[in-house]
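In what follows, a single structure is set out as structure tokens and then discussed.
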Amino acid sequence: MRNLKLLLIALVLIIITFSLSACNDKEQDAKNLTTGLKATEINNEAFKKLFPLQYKSYMSNMEMEDTTYGGSEPRSKFSDDKEPLLPILFNGYPFATDYNEDRGHTYAMVDIERTLRVTDKTAGGCLSCKSTVVPQLIADMGEHYWKAGSFKSEVLPKAKAAGHSAVGCSDCHNPVNMDLRVTRPMFIDAMKEKGIDVAHATKNEMRTYVCAQCHSEYFFKAETNVVTFPWKDGLSAEAMYGYYDKERANPTSFQKDYISNISGAPILKAQHPDYENYTQGTHAKAGVSCADCHMQYERMDNGKKISSHQWTSPLKSMDTSCGTCHSSRDMKDLEKQVQGIQKTYKEALDHAEEISMNAHYYVNKMITSGVDTAKVKEAQEQIRLGQWLWDYNAAENSTGFHNPQGAMDTLMKSANASNKAIQIATEELVKKGVNISELKAEIEKAKNAVITEKDTTKKKNSAVNAYFPGQQPVVPATPAK
Ligand code: HEC
Ligand code: HEC
Ligand code: HEC
Ligand code: HEC
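In this note's numbering, the protein residues as written are 75 to 555.
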């Protein structure tokens, strides 16, 4: 009897302790979860046992499936149904040799090691949006991390030795408590320059910032080669162009990404400005974050809901990616609307690209016809502007969805600038007695040659010929350092 009483008391105690500790667990989950992982943990495998569902979802980034315009097949952007004439615009730059569509995060290392754009001269900075080891390498190697030539010889071997992961848990989470965090100094610095301290970001802002630290435009700062975001004056195409103009005003600062081999124009190559485009659109203005659409909730096999860690086209999961907010809409109908936006956008993009390409050839003819250098330079400036405004859109990944109206406006301005170059050229070429119909026919021939060449790495060679010879730059190149 007495034993039974004791047993009952013990049982009650056990139940009380258990329910209290269950409460505590919940509190901890929400507030100060501790994983037991090292603060310096950079390997995804270490997170696998603790967070099997997110890990499993993360591994599904290996899946490859295309949508009408986006998706994850590792295809060349020069494919006939994509943008086969890009090697004309990028002539003189490695992007004319090899340029693929993006795919899942798990492929980031495979793809950077595979691309022909990486050579013995590639700077260490190119690892910056690929691997979890980056913050550690920047801290350990200092300025040497950024130097030209350090990618293959030092940075890559060090990353492998450290057991890093491609775009992994520690890039966005503090391993100790799984709080969201940003880890890339270029993002933190660029925001500071705009007067924003990301240490005080709201949780909703963090759901965008974790992506913005990589999905953004950058350039290599002159002298130091440090990857830098041109954001001080704003994130629109015009504001960033203005930033680059200010850089260029100082001859020892950043001038250009390359000189066009066709027109001699000093070109800026835009790099995946997904974040910048997004900030200009309706959704960002309504406070919708990247994660709202790209990390929709996902119900796992055991019925548990998690934030999807498969970052891909939200058009593959519209019920959960869009339906949570657009609950009054039929999803098939909304998908049609998105594809309508994308189709209109793609037509405007191709139209602007066409004019930009023609402008390069017109200016090539100015140079070979001996037109006055000042006029050539004037036309080259319009080419630089036109191609930047086009590339601000072309190099982002949503085919216009992140910023539908803004994209149409920028593309119109792009076409205007490139047309201005053609107008300047035509006036001068007519004075020189150049036959403009013949010039137009030669441009079509060159384009056809680029399309007919099936080896994507050789298309760039077909873009120049005896009529349009490759150019020595007319504009002075960056002064020797
Ligand atoms: C309102 C929803 C929404 C928001 C917010 C959003 N996106 Fe997107 N995103 C889309 C859609 C829709 C596409 C087009 C997918 C397609 O064409 O298949 C897309 C495409 C992309 C792609 C290319 C995917 C592919 O299939 O190749 C990337 C990369 C991307 N977004 C990154 C971002 C980043 C980074 C942010 C935040 C800065 C962001 N997105 C914010 C809806 C959104
Ligand atoms: C690109 C950034 C990014 C990466 C990489 C990433 N996460 Fe997340 N993770 C997020 C975001 C954003 C959330 C949503 C946070 C919120 O709003 O509460 C999240 C949420 C979580 C949560 C909270 C529960 C949930 O599902 O919402 C866990 C646990 C988690 N992630 C684990 C992982 C693990 C494990 C990895 C590596 C295999 C990983 N994450 C990689 C961005 C990332
Ligand atoms: C550490 C850098 C880094 C971070 C952080 C990051 N990304 Fe990416 N992302 C990449 C790289 C690099 C690729 C291209 C990988 C490839 O093609 O091999 C990519 C590709 C993508 C794609 C294309 C996938 C496809 O199916 O084509 C989407 C969508 C995407 N990221 C969305 C996001 C979102 C949303 C976030 C924030 C939650 C984010 N990324 C955070 C570096 C990053
Ligand atoms: C977190 C909420 C949220 C999510 C998720 C969301 N939207 Fe929206 N969407 C909005 C808001 C808010 C507006 C602006 C409504 C307004 O101004 O009437 C909007 C506007 C739109 C518009 C009007 C066109 C425009 O951009 O101005 C379209 C189309 C659209 N959303 C499609 C989508 C698609 C497709 C997805 C999924 C990939 C999606 N949305 C995900 C909240 C959301």
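Don't be surprised by glycine CBs; every beta carbon is placed ideally from N, CA and C. Since the model is a prediction, treat every value here as computed from it, not as a measurement.
Who are Leu254's beta bridge partners in DSSP?
His247
Cβ distance (whole Å) where Ala537 is taken to contact Ile162 below 8 Å:
5 Å
Counting C-beta neighbours from all protein chains within 10 Å, is the total for Ile510 16 or more, i.e. buried, or is it exposed?
With fewer than 16 Cβ atoms within 10 Å of its Cβ, Ile510 is classed as exposed.
Rounded separation between Asp375 and Arg177 - CA only:
25 Å
Assuming contact is defined by CB atoms lying nearer than 8 Å, are Trp305 and Glu279 in contact in what I supplied?
no
Among Phe328, Val207, Ser488 and Arg281, which has the Cα closest to the Cα of Gly237?
Val207
Can you list, in chain order, the residues of its chain with a C-beta nearer than 6 Å to that of Glu157? Leave out the 5 residues immediately preceding and following it.
Contacts found: Lys151.
Assuming Ser202 contacts Gln384 under a Cβ cut-off of 8 Å, what Cβ separation, rounded to an integer in Å, is found between them?
Their Cβ separation, rounded to whole angstroms, is 23 Å, which puts Ser202 and Gln384 out of contact at 8 Å.
Determine the DSSP secondary structure at Ser205, reduced to helix, strand or coil.
strand
Cβ-heavy atom distance, His289 to ligand 4, below 7 Å
no
Note the first and the last residue of the continuous alpha helix (DSSP H) segment covering Ser488.
Pro478 to Lys505
With distances taken from CA atoms, which of Tyr292, Val300, Gly166 and Thr142 is nearest Gly216?
When Tyr292, Val300, Gly166 and Thr142 are compared, the shortest CA-CA separation from Gly216 is found for Val300.
Roughly how many angstroms lie between the CA atoms of Thr114 and Pro249, to the nearest whole one?
8 Å
Go through its chain and collect everything with a Cβ distance to Leu498's Cβ below 6 Å, but skip five positions before and after it.
For clarity, residue 498 is Ile in the given sequence; the question names Leu instead. Hits under 6 Å: Glu452 and Ala453.
Closer than 8 Å to chain B by CB, Ser224
The chain inventory of the structure shown lacks chain B, comprising one protein chain alone.
Under the criterion of a Cβ to heavy atom distance below 7 Å, does Met374 qualify as lining ligand 3?
no
Would the beta-carbon of Tyr371 fall within 8 Å of that of Ser382?
A contact, by the Cβ cut-off of 8 Å.
Go ahead and label Gln416 buried or exposed: buried means 16 or more other beta carbons lie within 10 angstroms of its beta carbon, across all protein chains shown.
buried
Runs of alpha helix (DSSP H) wholly within the segment 501–541 (minimum 4 residues, chain order):
Secondary structure within the segment 501–541: the alpha helix (DSSP H) runs of 4 or more consecutive residues, fully enclosed, are 510–526 and 533–536 (chain order).
Taking only three categories from DSSP, how would you classify Asn278?
Secondary structure at Asn278: helix, using DSSP grouped into helix, strand and coil.
Whole-number beta carbon distance between Phe303 and Met260, since they are thought to touch under 8 Å:
6 Å
So, with DSSP's three-state summary, where would you put Glu409?
helix
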